[in-house]
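These notes concern the structure reproduced below.
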Amino acid sequence: MKRIFISILVLYAAILLWACSGNRNREEAEDDSQLIVVGFSQVGAESDWRNGNTHSMQEAFSMENGYRLILDDAQQKQEKQITAIRNFINQGVDYIVLAPTTELNWDTVLMEAKAAGIPVIIVDRMIEVSDESLFTCWVGSDFHREGDIAVKWMEEHLPEKLRIVHLQGNLGSSAQIGRSDGLKRALLAHPGWSEVFEAPGDFVEAKGLELTEMLLKNNTDFNVIYSENDNMAFGAITALEDAGLRPGEDVAIISFDAGARALSLVMEGKINLDVECNPMHGPRVRAIIEQLRRGETPPKYTYVDETYFDTFNLTEDIMTSRGY
Ligand code: AHR
2 MKRIFISILV LYAAILLWAC SGNRNREEAE DDSQLIVVGF SQVGAESDWR
52 NGNTHSMQEA FSMENGYRLI LDDAQQKQEK QITAIRNFIN QGVDYIVLAP
102 TTELNWDTVL MEAKAAGIPV IIVDRMIEVS DESLFTCWVG SDFHREGDIA
152 VKWMEEHLPE KLRIVHLQGN LGSSAQIGRS DGLKRALLAH PGWSEVFEAP
202 GDFVEAKGLE LTEMLLKNNT DFNVIYSEND NMAFGAITAL EDAGLRPGED
252 VAIISFDAGA RALSLVMEGK INLDVECNPM HGPRVRAIIE QLRRGETPPK
302 YTYVDETYFD TFNLTEDIMT SRGY
């Protein structure tokens with residue numbers, strides 16, 4: 002009798018639990034419809050910077066913050082981004098956030114988003130469009146300024162005669178255009194500076210490694226590597242060390258991004274200069290969306306404050322507090 006009573010009690014508890022979980026799911030579904038839906042077309046996962054940026058967006062647009070984020074990784078291909086934006090339009094998202102691969106050829110798809118009444122926020126790199134009303138606003142880095150910071154530092158800290166290897170980011174992206182532009186202008190202004198090699202490494206570590214190995218194999222004579230991001234610099238450093246050279250001494254390394262892994266190499270003296278490019282855009286984009294929801298007009302362009310790090314100004318505190 003006692004056993005039957007216990008069995009009934011267990012069954013009753015199980016039914017109660019099942020009913021409660023049903024309610025909870027229903028409540029979640031109801032809440033879900035209250036969420037603000039953001040479609041984010043991300044460039045890819047080519048670098049530490051990019052992964053830090055994705056993470057920052059995921060944190061900012063969490064369910065707890067009242068958002069549903071639809072993330073699309075375009076694997077560094079503009080066609081994939083255009084398809085992603087069309088999918089976001091079809092899904093009727095509330096906002097589209099675009100981190101563009103390259104600057105050109107966005108007009109058509111952005112006209113479609115505009116016709117659907119979906120605001121588009123551009124983040125990180127810029128776009129060039131025929132009509133500025135095709136996007137709501139932009140937030141990101143001043144890549145031309147980053148190039149100028151690097152060049153000024155090179156003028157002040159490196160010898161007069163430079164034989165420079167230039168590892169570029171993916172061609173046509175603002176990050177590549179701005180950083181390359183600084184170096185191009187400096188090459189014209191300094192008779193002692195020559196560019197012995199230039200090629201795109203697409204911001205990827207493996208390509209930085211491959212290109213540097215190829216140069217070493219061909220006995221190319223160089224004393225500086227101007228790498229347009231940290232990951233290509235990591236690859237270049239590995240190739241130099243494998244060849245018995247000392248990065249930072251035999252060959253000066255100039256890099257961009259200043260992520261945690263790179264800053265520890267600055268500390269070790271293997272990267273001479275790292276110009277900061279800050280990827281923590283999630284809270285910035287969220288603030289823009291909140292402004293729009295309050296009926297306010299955010300500034301069309303917002304540049305993020307950035308600095309640079311070398312062995313003279315880098316501290317343990319800065320290094321350990323990097324979020325990317
Ligand atoms: O657009 C920012 C650049 O893109 C970063 O420098 C690079 O690491 C990333 O892939």
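Read in the numbering used here, the sequence shown has 75 at position 74, and its numbers run on one by one without any break.
Backbone N, C-alpha and C fix where the C-beta goes; we use that ideal spot for every residue, glycine too.
Nothing here was measured: the structure is a model prediction, and the numbers come from that model.
Which residue from the options puts its Cα closest to that of residue i?
i: residue 91; options: 106, 104 and 71; result: 71
i: residue 117; options: 93, 76, 55 and 42; result: 93
i: residue 203; options: 168, 224 and 301; result: 168
i: residue 262; options: 53, 100, 38 and 307; result: 53
i: residue 47; options: 276, 133, 33 and 78; result: 78
i: residue 175; options: 196, 159, 158 and 139; result: 139
i: residue 273; options: 310, 292 and 239; result: 310
i: residue 257; options: 246, 267, 268 and 228; result: 228
i: residue 340; options: 269, 264 and 157; result: The displayed coordinates of the chain run from 2 to 325. Any statement about residue 340 would go beyond what the structure contains.
In whole angstroms, what separates the C-alpha of residue i from that of residue j?
i: residue 234; j: residue 279; result: 17 Å
i: residue 25; j: residue 149; result: Any answer about residue 25 is weak, because its pLDDT of 46 lies below 50 and its placement is not dependable; what the coordinates show is given next. Distance between the alpha carbons of residue 25 and residue 149: 56 Å.
i: residue 63; j: residue 69; result: 7 Å
i: residue 42; j: residue 105; result: 16 Å
i: residue 113; j: residue 87; result: 8 Å
i: residue 191; j: residue 284; result: 41 Å
i: residue 56; j: residue 193; result: 43 Å
i: residue 12; j: residue 36; result: Unreliable placement is indicated for residue 12, whose pLDDT of 44 sits below 50; the coordinate value is still reported in the next sentence. Between residue 12 and residue 36, the C-alpha separation is close to 36 Å.
i: residue 189; j: residue 34; result: 58 Å
i: residue 208; j: residue 76; result: 15 Å
i: residue 299; j: residue 293; result: 7 Å
i: residue 51; j: residue 221; result: 31 Å
i: residue 239; j: residue 312; result: 20 Å
i: residue 146; j: residue 185; result: 13 Å
Exposed or buried, what is residue i when buried is set at 16 or more other beta-carbons lying within 10 Å of its beta-carbon?
i: residue 172; result: exposed
i: residue 58; result: buried
i: residue 179; result: buried
i: residue 162; result: exposed
i: residue 260; result: buried
i: residue 295; result: exposed
Using a threshold of 8 Å, state whether the C-beta atoms of residue i and residue j are closer than that.
i: residue 237; j: residue 226; result: yes
i: residue 96; j: residue 128; result: no
i: residue 125; j: residue 151; result: no
i: residue 89; j: residue 45; result: no
Could you pull the DSSP bridge partners for residue i from this structure?
i: residue 277; result: 258
i: residue 139; result: 123 and 302
Quick one: does the C-beta of residue i sit closer than 7 Å to a heavy atom of the ligand ZN?
i: residue 231; result: Ligands in the displayed structure: the ligand AHR; the ligand ZN is not one of them.
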